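Peer 1:
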Amino acid sequence: MFDSHVAVLLEYAVSLVNALTAGEARGRPHPAPHGPDLLPAVEAAVADVSGALPRTLDPDQAASLVTTAYALREVFRAMDDGDPDTAAATVNDLLRDTGARPRLDRTPDAGAAAADGGTPPWRLHFHGADDTFATGHGAACATALALAVGGSLASRLGVCHADRCDRVYVDTSRNGARQFCSTACQNRTKAAAFRARKEAKG
């Protein structure tokens with residue numbers, strides 16, 4: 624469905640939102656990380672990120688990614704609420720604020736070098752080579768969401784429908800019927816429905 628690169632960036636957006644924004648997760652409170660917990664939480668959220676950006680995280684960079692995460696959450700929430708206008712406006716703000724733009728880069732960590740041991744292949748990024756990690760990562764996630772919201776798969780962005788959970792997800796299922804952020808929340812909801820039916824029968 625999604626281009627493989629865009630799919631990866633959408634999962635990064637999910638990771639940022641679910642790790643860095645306050646709310647509820649799988650039936651329990653999920654406080655936003657702060658103070659000494661912030662940098663480790665940001666590191667964990669972007670652990671798998673690679674690309675052309677220097678990996679330098681400090682408190683300012685971490686705080687910037689938290690701000691980005693809340694904006695990304697608004698996009699998921701708006702699409703889940705059937706409000707594409709708000710989602711589009713939020714994405715446009717993110718694209719503007721991060722200076723997102725397409726760019727081809729050759730970077731050693733962008734993939735295997737040529738078979739003959741030559742230079743790495745060209746890879747598409749959505750940020751400038753001199754952007755900070757936080758700005759560049761925000762630009763990449765914003766671009767991926769722009770492609771989703773502006774395309775035929777906008778409905779694949781969702782917020783968990785389980786009780787006491789507001790974590791986000793990207794629905795990559797064939798039938799587009801996903802409603803939960805995780806199997807745990809799906810099972811929890813099924814168990815609650817089963818108990819309710821059992822009680823109703825007396």
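Numbers 624 to 825, taken from this note's numbering, label the letters of the sequence shown in order. The beta carbon of each residue, even a glycine, is placed where N, CA and C say it ideally should be. Predicted model only: the values in this text are computed from it and were never measured.
Restricting to runs no shorter than 4 residues, where is the alpha helix (DSSP H) found entirely within the segment 760 to 814?
Peer 2: none
Peer 1: Give me the Cα-Cα distance between Tyr792 and Asp660, rounded to the nearest whole angstrom.
Peer 2: 24 Å
Peer 1: Beta-carbon separation of Arg811 and Ala785 under 8 Å?
Peer 2: yes
Peer 1: Can you grab the Cα-Cα spacing for the pair Cys808 / Arg649, in whole Å?
Peer 2: Distance between Cys808 and Arg649, taken at the CA atoms: about 6 Å.
Peer 1: Does the separation of the CB atoms of Thr755 and Ala692 fall below 8 Å?
Peer 2: no
Peer 1: Quick check on DSSP: helix, strand or coil for His748?
Peer 2: strand
Peer 1: Can you grab the Cα-Cα spacing for the pair Pro707 / Ala701, in whole Å?
Peer 2: 6 Å
Peer 1: Let me confirm a value: Asn641 is counted as buried when at least 16 other C-beta atoms fall within 10 Å, else exposed. Which label applies?
Peer 2: When all chains shown are included, Asn641 counts as buried.
Peer 1: With H, G and I counted as helix, E and B as strand and the rest as coil, what does DSSP make of His657?
Peer 2: Note: His657 maps to coil in three-state DSSP.
Peer 1: Since Leu695 contacts Leu776 with CB under 8 Å, what's their CB separation in whole angstroms?
Peer 2: 17 Å between Cβ atoms; not a contact.
Peer 1: Per DSSP, what kind of secondary structure is Ala652 in: helix, strand or coil?
Peer 2: Note that residue 652 is Pro in the sequence shown here, rather than Ala. Strand, per DSSP.
Peer 1: Does Arg729 come out as helix, strand or coil in the three-state DSSP assignment?
Peer 2: strand
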